[in-house]
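A.B. asks: To start, I am sharing the structure in question, which I have written as structure tokens.
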Amino acid sequence: MIVRVKASPVLDAIKMSMSGNDHFALQNLLGVFGERGINICLGVEIKNKEDVMNITLCFNPKETDYVTTFIREHYPTLSFSMIKSVRIISVFPFRDNAEVAFQFIKTLEDNAVPVLALSTSLSSISCLVPQVYCSIAVESLETTFNISNKNS
């Protein structure tokens, strides 16, 4: 299996929480962003036992002002926090291989890389890390999966 490690360009992220009973709030928010052409590079939503959705969305830093202004004006009760300068680190292929997921998480943990969000798909496992940890994350994952940096 040929494994690749990829790092996204520098992004900004927003973390917010909203009631799990208000499905239309998130749908409307994402709909407006889509109409505006804002590409959500990574979106993670987790609903907890208290029926609260904890959401992380990543996007181009050029769109931060629009995103934050829109939320403040149209959802004034929605609390959110911004995380500037983050990167998405992904390992391909993932394809239901539990060992890849285990090694991915263990490697980042062993190298004290803070993971802000974690996401899996059929083809990859990805995480969101602060920009300052990108190099150590990529290098340590390349070492773990025994690949050269020309693939990243």
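Throughout the sequence shown, residue numbering follows our numbering, covering 1 to 152 in sequence. All C-beta atoms, glycine included, are put in the ideal place defined by N, C-alpha and C. These numbers come from a predicted model, not from an experiment.
1. What is the residue span of the beta strand (DSSP E) that N28 lies within?
2. Using three-state DSSP, classify R72 as helix, strand or coil.
3. With a cut-off of 8 Å on the beta carbons, I'd call F104 and I125 a contact; round off their distance for me.
4. In the structure shown, what three-state DSSP assignment does I40 receive?
5. Beta-carbon separation of S17 and S79 under 8 Å?
6. To the nearest angstrom, how far is it from the Cα of N28 to the Cα of V10?
7. Going by Cα to Cα distance, which pick from L116, K106, A101, V138 is closest to L122?
C.D. replies: Concretely, from the data shown:
1. From DSSP, N28 is part of no beta strand (DSSP E) but of the alpha helix (DSSP H) over 23–35.
2. Shown here, R72 sits in a helix according to DSSP, grouped into three states.
3. 5 Å
4. coil
5. yes
6. Using only the alpha carbons, I get a separation of about 26 Å.
7. A101
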